[in-house]
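One structure below.
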Amino acid sequence: MIDMRKIQQDMPLLEHYIYLNTAAASAMPQPVVDEMTSYLQKQASIGPYLPSFRQETYAQVERIREKAALFIGATKEEIAFVPNGSVAINYVAGGLQWKQGDEVIVLDTEMLSNYVPWLALQQQGVQLKVLKTNDEYMVDLYALEQLITPQTKLIAFAHMSNAAGALQPAKEICQLAQQHHVLTLMNANQTLGLTPMNVAELGCDFLVACGRKWLRGPEGSGILYVREALIPTLTPIMIGWGSTQWDYQNNAYSFVETAKRFEPGCPIIPSIFGLGAAIDYANNIGIHHIYDRVKQLTNYLIEQLATIPGIVLYGPQNSAHRLSITPFNIEGLSPDELTNALAEHGVIIEAGTFMANTIMERNQISKMARFSPHYFNTFEEIDKAVSIMKKIQAKAQDS
Ligand SMILES: Cc1ncc(COP(=O)(O)O)c(C=O)c1O
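Numbers 1 to 399, taken from the UniProt record's numbering, label the letters of the sequence shown in order.
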C-alpha cells in the first residue's frame, strides 16, 4: 500500500500545484533534499577534505553504487555514475570500436539524445537504420528482425518514448538481438523508477538512465550500466583521475577495470548522494506499487481526457501499451496557450516537440501538450485538471 499522506508531506509543492510533468523531471521528495543538504552543510562547516569526512564520503559513494546496482539487477562493478542520460549514451556510442559498414538500429520514436550520437557515427562509415514502429508506436519484432543484417552491431531503443508514451517490449527486443549477436542499449530515461527493471532478466548490454525523472533524484544524476564482459571493450571517451591509471615511468596509461572507468575526475557527490536517497525512497514505496498506481492513473487520465470535445490523443490508442506519458492536442487551442493557461491555475504540464521530431511529423503537427502523472498524483487532481481544461476551452471558444 502506498502511504499517500507521507508522500504528499514529503512534497511541499503539492500544496500549491498539481504537478503532472514527471516526464520532464519530478520534484525531489524531502528526504532526497535533506540528504543532499546535510552533505553540503557538513561540507560547508568542516570542508570537503577533512580526511575522515572525505573517506566516509567516498565509502558512501561506493555504498550507493551497490544500491544502484541492486535496483536494476546488476553488480556494482557494472555501474558508473553519470550526470545525465545523454552523456551515458555518448560513452557507448563513442566507446565502441566501429568499422566501416557497421549498422546501428534506432526506433523512429527516439528523441535527439538517442538518435544524433548514432547519426554522428556516419563519419566513421557507420550506417544508421531507423525502425518504423507500428500504428501503436510499438516495435514489431518481425519488422525489427527484417532490419538486422550481419553488419548490425547495435540496437539502441528507448524503453519508453518521451513523446509517445509507448512502453516497448524490452526483453523481447534484447532476446532477438542476442539471437543475432547484436548488442543492445536500453534507454531507460523514461522508466528508471517507474517500472521494475532487472538487466540480467532483460538481457540488455548497456542501460542508461537519468535520476531526475521517475526516480525523483536530483538533476545532474544518472547511471550507465555496462555488462561486465563488455567493459574492457568500451574505451572511455574521457580521461581523468579515478578512472585512469597513469604509468608515468613508461609514459603509458590504462583504464580501471570496472565501469568506474567512465567517471573521470571528481564525482558529483551531492547528486550521487541524492540519487542514493531517491533509490531508498522508491524502494520504501516498492517499485511494483509505483508501477501499479501509475498504470491506474494512466487509464483514468485517458478516460477523463476523452470527455473533452475536440481532443486528439497521440501515441498508442490501446492503453495496455501506454504508461503515464499522454500527449495530446485540443482543437482550437495551441498547446502553448493551453499549458500557460493551466499554469495560471496551478496545473503544471508541458508543451513542445520534446525533441522527438519524427513523432511530430508522423502526426503532422508542430507541437503537442503532454501529461505525465506519477504515483504522487491523485485521481482528484486529474479530475481538477480536466475540469480546468474544459473551462479554458470554453473561454477560448467564447472569445
Ligand atoms: C527518452 C529520453 N531519452 C534521452 C533523454 C536525455 O536524457 P538527459 O536529459 O538525462 O540527458 C531524455 C530526456 O528527456 C528522454 O526523455
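Beta carbons are placed, not taken as given, at the ideal position from N, Cα and C, and that holds for glycine.
With distances taken between CA atoms, residue 187 lies nearest to 160 out of 15, 160, 231, 395.
In the three-state DSSP reduction, residue 247 falls in the strand class (E or B). Secondary structure of residue 389 (DSSP, three-state): helix. Judged by their CB atoms, residue 91 and residue 192 are not nearer to each other than the 8 Å cut-off. Rounded to whole angstroms, the separation of the alpha carbons of residue 167 and residue 137 is 9 Å. Approximately 48 Å separates the beta-carbon atoms of residue 23 and residue 251; this is outside 8 Å, ruling out the contact. For residue 10, same chain residues with a beta-carbon under 7 Å away, outside a window of 5 residues either side, are 29, 30, 31 in chain order. Ligand 1 never approaches residue 21 closely enough for any of its heavy atoms to be under 7 Å from the residue's Cβ. The C-beta distance from residue 20 to residue 371 rounds to 5 Å, short enough to meet the 8 Å contact threshold. A straight line joining the alpha-carbon of residue 297 with that of residue 63 spans about 34 Å.
Counting only residues of its own chain and dropping the five nearest sequence neighbours on each side, residue 322 has a CB closer than 8 Å to the CB of 165, 166, 167, 298, 302, 315, 316. Around the beta-carbon of residue 241, fewer than 16 other beta-carbon atoms lie within 10 Å, marking it exposed. Of all C-beta pairs linking the region 97-108 to the region 118-137, three or more are shorter than 8 Å, placing the two stretches in contact. For residue 395, the three-state secondary structure derived from DSSP is helix. In this structure, the beta-carbon distance from residue 183 to residue 139 does not fall below 8 Å. By the Cβ neighbour-count rule, residue 249 is exposed, with fewer than 16 other Cβ atoms within 10 Å of its own. Secondary structure in the region 211-292: the beta strand (DSSP E) runs of 3 residues or longer, each lying completely within the stretch, are 222-226, 244-247, 252-255 in chain order. Under the three-state reduction of DSSP, residue 97 is assigned to coil, being neither helix nor strand.
When DSSP states are grouped into helix, strand and coil, residue 152 belongs to the strand group. Looking at the DSSP output, residue 372 sits in a beta bridge with 21. Here the alpha carbon of residue 116 sits roughly 25 Å from the alpha carbon of residue 26. Taking the CA atoms as reference points, residue 282 sits about 43 Å from residue 397. Residue 233 is classed as exposed because its beta carbon has fewer than 16 other beta carbons within 10 Å across all chains shown. Remark: C-beta atoms of residue 40 and residue 335 do not approach each other more closely than 8 Å. When the Cα atoms are used, residue 378 and residue 134 turn out to be separated by approximately 32 Å. At least one heavy atom of ligand 1 is found less than 7 Å from the C-beta of residue 84. In the structure shown, residue 127 adopts extended strand secondary structure according to DSSP, grouped into three states. Within the DSSP bridge table, the entry for residue 379 names no partner. Restricted to the region 151-188, the alpha helix (DSSP H) segments that are unbroken, complete and at least 4 residues in length are 170-179, listed in chain order.
DSSP, reduced to helix, strand and coil, places residue 359 within a helical segment of the structure shown. Per DSSP, the beta bridge partners of residue 322 are 166. Boundaries for residue 15: no alpha helix (DSSP H) harbours it, and the DSSP string shows neither H nor E there.
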